[in-house]
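First comes the structure, then the notes that go with it.
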Amino acid sequence: MGRTIIEKIFAAHSEDEVAPGKVIWLELDVRSARDFAGANVVKRFRAAYPGERVADPKKTFFTFDCNAPANTIAYAQNQQVCRVFAREQGIKVYDVDSGIGSHVLMEEGLAFPGATVVGTDSHLNILGAVGAFGQGMGDVDIAFAFRYGKTWFEVPHTTRIVVRGRYEYPVTPKDLTLFLVGKLGSRGALGRAVEIYGEQVEALDMAGRITLCSMATEMGAIGAFLPPSEGLWAFVEEATGRHDFSYPTADPDAEYIQELEFDVSDLKPLIVAPPRPDNVHEVSELEGERVDTVFVGSCTNGRYEDIRLVAEILKGRKVAKGVILKVAPATRRVWGRLLKERWLEVLHDAGAVITHPSCAGCAQGQIGMTGEGEVQLSTGNRNFPGKQGKGPTYLCSPATAAASALFGKITSPERL
Amino acid sequence: MKPTLIRGKPWVITDAEGRLIDDIDTDQIYHNAYLAVTDPAEMGKYAFSNLAGWEDFPEKVRPGDILFVGENFGAGSSRQHAVDCFLALGIGAIVGKSFGAIYKRNAINSGLPLLELPAIPVKELGDLEQVVVDLETGEIKAPDGRVVARAKPMSEVALEIYRAGGLLQLRPR
Ligand code: SF4
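Each protein sequence line maps, in turn, to chains B and G.
According to our numbering, the first sequence is numbered sequentially starting from 673.
According to our numbering, the second sequence is numbered sequentially starting from 471.
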């Protein structure tokens, strides 16, 4: 019987028989912890394995991104607990200057096609963008993974999605992503892997792949996997310096638990209204509603391409009076490129406030939260009450965010 | 050795109309207002304290009792408290239509048995004072030995973790 992509990756990392529903022991190429749960991982590790070493410090990492640099003493303490442990064990820390951990793992070539990666970030399945298996886990799980370099995992069933047709700008990868989240709903892919195919998917650049895979969590999925694309190879070669990866692909006779087909030829810019990520509407339905704050960033839309698009739209113009535009590039590399190519200058001139690379507003970290009644548009992936502050949060593409910032109300980029 | 036959009163987590409640998230199981509690023994009294109609659950439940829940139980955050609160109350097992992926792992890793049962016989369970859940076969029996439902048996690895008393007590193969 043929194998799906996740089954291929697992089979290459396990001695057990890989089949949906079976529990296997899985070798892990990378195990990581971020700043918040990281301190709990250290606490559990010390209690369960006193005086012992991690399985392989070269494959073990800390990434600080939730609250970076720390703006509360509790976070600063947690980060320091991780640093001390890292020094003892010889583990590398991507510290508070690095950016969002999942993106750093991809940029550094630590997550590569076919790799297995676990960490304390519930959006680690974003690594599907490079053809890797990424999985967020609790602190008990990660303490065990640090110690033994492997974990148990139930092989999930896979849903196959085919997207027919092509869309055109100002429809963007985020709109495709929200479209699929809306179609599947918050448990449409619960506990399953999804594979997403189609001409449009194959045309996505790396930023678009990241956007699409980042919201697998909002469909309840274990992870999303895509066919390779040109944009992917350029990225992977730069990150790893290697050209010899074979990308995990599904066998023609792979078995799927469900097959779905959608057409995106008529797709319009989409927006998610409060209070849940699957509350998806066309932007035009909500046009004209007041906007106080616009946040551009997060692991979903914090790439160079996302932020440059916002800068291109705002070039030579100003955001509406009274609107605060907050920008947080995903990583230090993204930040540096935007700086050197002077896109940050364009954003500054348009009235934006720009912060250092991190999860920023998405994790109650930096660049401020919203107060009650403060309407926020975010390019992030979750809008549960309280996640980004007390105000109602809408989710949209960078293009819709930029258009709305210009007019101070929800505005479709089709109007530009 | 931990028992693989769990005997206890079945609690079917339903709404006022008697329907299973789906999508009970970790905030409804264990509200974030009590996240600062660090002593697991203290956590029991907050279990379901944010789930309408079930606020008094901790006072009614007895060690060994078994929970029957709907779809996507434990969705949401990865907080360990949402598992520890049931362990503190001595809950013997949770049988559900489906679970949030991270919740399922957290429970198994902490030695709280979870079984998946796509069709929960709500009415029948409601009439029973006690059931016996066999973790190895997945059979759920009435006290007279009649099989009421067949859940998916726990995987070997999950049983191994359960017997060891949690993932951190286990060495992998
Ligand atoms: S940007 Fe938000 S969703 Fe992404 S990793 Fe950070 S906190 Fe999680």
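Where a beta carbon is used, it is the ideal one built from N, C-alpha and C, also for glycine.
Check: residue i C-beta below 7 Å from any heavy atom of the ligand NAP
i: residue 793/B; result: Summarising the ligand content, the structure contains the ligand SF4 and does not contain the ligand NAP.
The ligand SF4 heavy atom lying under 7 Å from the CB of residue i
i: residue 1069/B; result: no
i: residue 1053/B; result: yes
i: residue 754/B; result: no
i: residue 925/B; result: no
i: residue 772/B; result: yes
i: residue 737/B; result: yes
i: residue 719/B; result: no
i: residue 1035/B; result: yes
i: residue 555/G; result: no
i: residue 970/B; result: yes
i: residue 1031/B; result: yes
Three-state class that DSSP yields for residue i in the structure shown
i: residue 697/B; result: strand
i: residue 1081/B; result: strand
i: residue 981/B; result: helix
i: residue 532/G; result: coil
i: residue 765/B; result: strand
i: residue 574/G; result: helix
i: residue 1017/B; result: helix
i: residue 886/B; result: helix
i: residue 620/G; result: strand
i: residue 996/B; result: strand
i: residue 510/G; result: helix
i: residue 564/G; result: strand
i: residue 604/G; result: strand
i: residue 479/G; result: coil
i: residue 969/B; result: strand
i: residue 680/B; result: helix
i: residue 472/G; result: coil
i: residue 718/B; result: helix
i: residue 1010/B; result: helix
i: residue 497/G; result: helix
i: residue 611/G; result: strand
i: residue 518/G; result: coil
i: residue 915/B; result: coil
i: residue 860/B; result: coil
i: residue 444/G; result: There is no way to answer for residue 444/G, as the model of chain G reaches only from 471 to 643.
i: residue 598/G; result: coil
i: residue 963/B; result: coil
i: residue 1072/B; result: helix
i: residue 1039/B; result: coil
Per DSSP, cross-strand counterpart(s) of residue i
i: residue 935/B; result: 836/B
i: residue 732/B; result: 703/B
i: residue 896/B; result: 866/B
i: residue 904/B; result: According to DSSP, residue 904/B bridges with nothing at all.
i: residue 1066/B; result: 1049/B
i: residue 821/B; result: Per DSSP, none; premise fails for residue 821/B.
i: residue 805/B; result: 788/B
i: residue 953/B; result: 943/B
i: residue 930/B; result: 831/B
i: residue 545/G; result: 495/G
i: residue 1056/B; result: According to DSSP, residue 1056/B bridges with nothing at all.
Inset, instruction - Inspect the CB distances between the region 709 to 728 of chain B and the region 829 to 849 of chain B and report whether three or more fall short of 8 Å. - result: The region 709 to 728 of chain B is not in contact with the region 829 to 849 of chain B.
Inset, instruction - Count the CB pairs spanning the region 1068 to 1088 of chain B and the region 961 to 980 of chain B that are closer than 8 Å, and state whether there are at least three. - result: By the C-beta criterion, the region 1068 to 1088 of chain B is judged to be in contact with the region 961 to 980 of chain B, since at least 3 inter-stretch pairs fall below 8 Å.
Inset, instruction - Would you check if the region 889 to 908 of chain B and the region 860 to 869 of chain B touch, i.e. whether three or more CB-CB distances between them fall below 8 Å? - result: As far as the Cβ criterion goes, the region 860 to 869 of chain B touches the region 889 to 908 of chain B, which means the pair count is three or higher.
Inset, instruction - Report the residues of the region 567 to 597 of chain G with a CB closer than 7 Å to any CB of chain B, ordered along the chain. - result: Residues passing the 7 Å Cβ filter: 568, 571, 572, 575, 576, 579, 580.
Inset, instruction - Could you tell me whether the region 596 to 610 of chain G touches the region 471 to 490 of chain G, using the rule of 3 or more Cβ pairs below 8 Å? - result: Judged by Cβ distances under 8 Å, the region 596 to 610 of chain G makes contact with the region 471 to 490 of chain G, as three or more pairs qualify.
Legend entry - Selection of the region 786 to 811 of chain B by Cβ proximity to chain G, strictly under 8 Å: Flagged, chain order: 792, 794, 808, 809, 810, 811.
Inset, instruction - Below 7 Å between beta carbons is the criterion; list the residues of the region 690 to 720 of chain B that meet it against any residue of chain G, in chain order. - result: Sequence-ordered contacts of the region 690 to 720 of chain B with chain G read 695, 697, 716, 720 [C-beta pairs closer than 7 Å].
Inset, instruction - Note down, in chain order, all residues in the region 832 to 843 of chain B with a beta-carbon under 8 Å from any beta-carbon belonging to chain G. - result: Residues of the region 832 to 843 of chain B that bring their beta carbon within less than 8 Å of a beta carbon in chain G are absent altogether.
Inset, instruction - Pair every Cβ in the region 749 to 763 of chain B with every Cβ in the region 697 to 715 of chain B, then say whether three or more of these pairs are closer than 8 Å. - result: Output reads yes: the region 697 to 715 of chain B touches the region 749 to 763 of chain B.
Inset, instruction - Scan the region 851 to 863 of chain B for residues whose Cβ lies nearer than 8 Å to a Cβ of chain G and list them as they occur along the chain. - result: Only those residues of the region 851 to 863 of chain B whose C-beta falls short of 8 Å from the nearest C-beta of chain G are listed: 858, 859, 862, 863.
Legend entry - Members of the region 533 to 561 of chain G that neighbour chain B once the beta carbon cut-off is set at 7 Å: Flagged, chain order: 541, 542, 548, 550.
Inset, instruction - Taking only beta carbons into account, state which residues of the region 623 to 636 of chain G come closer than 8 Å to chain B, listed in chain order. - result: Legend: CB atoms of the region 623 to 636 of chain G lying less than 8 Å from CB atoms of chain B belong to residues 625, 626, 627, 628, 631, 636.
Inset, instruction - Count the C-beta pairs between the region 919 to 930 of chain B and the region 673 to 685 of chain B that are closer than 8 Å, then say yes if the count reaches three, no if not. - result: Judged by Cβ distances under 8 Å, the region 919 to 930 of chain B makes contact with the region 673 to 685 of chain B, as three or more pairs qualify.
Legend entry - Residues, ordered as in the chain, of the region 489 to 521 of chain G that lie near chain B by beta-carbon distance below 7 Å: The region 489 to 521 of chain G vs chain B, Cβ under 7 Å: nothing.
Inset, instruction - Check distances from the C-beta atoms of the region 876 to 905 of chain B to those of chain G and list, in chain order, the residues that come in under 8 Å. - result: For the region 876 to 905 of chain B, residues whose beta-carbon sits nearer than 8 Å to a beta-carbon of chain G comprise 892, 894.
Legend entry - Within 7 Å of chain G by C-beta, residues of the region 723 to 757 of chain B in sequence order: Listed in sequence order: no entries.
Inset, instruction - Examine the Cβ distances between the region 678 to 698 of chain B and the region 733 to 741 of chain B and report whether three or more of them are shorter than 8 Å. - result: Using a C-beta cut-off of 8 Å, the region 678 to 698 of chain B makes no contact with the region 733 to 741 of chain B, since fewer than three inter-stretch Cβ pairs fall below that distance.
Inset, instruction - Would you be able to state if there are at least three C-beta pairs under 8 Å between the region 843 to 857 of chain B and the region 1059 to 1078 of chain B? - result: They touch, by the three-pair rule.
Inset, instruction - Determine contact between the region 780 to 789 of chain B and the region 886 to 896 of chain B, defined as no fewer than three beta-carbon pairs at a distance below 8 Å. - result: No, the region 780 to 789 of chain B does not touch the region 886 to 896 of chain B.
Legend entry - Interface positions of the region 968 to 997 of chain B facing chain G (Cβ-Cβ less than 9 Å), listed along the chain: Those residues of the region 968 to 997 of chain B that come within reach of chain G (Cβ to Cβ, closer than 9 Å) do not exist; the list is empty.
Inset, instruction - Decide if the region 995 to 1011 of chain B is in contact with the region 1029 to 1037 of chain B; the criterion is three or more beta carbon pairs, one per stretch, under 8 Å apart. - result: A contact exists between the region 995 to 1011 of chain B and the region 1029 to 1037 of chain B.
Inset, instruction - Please determine if the region 1047 to 1063 of chain B and the region 971 to 984 of chain B are in contact, where contact requires at least 3 C-beta pairs separated by less than 8 Å. - result: Flag = yes, the region 1047 to 1063 of chain B and the region 971 to 984 of chain B touch.
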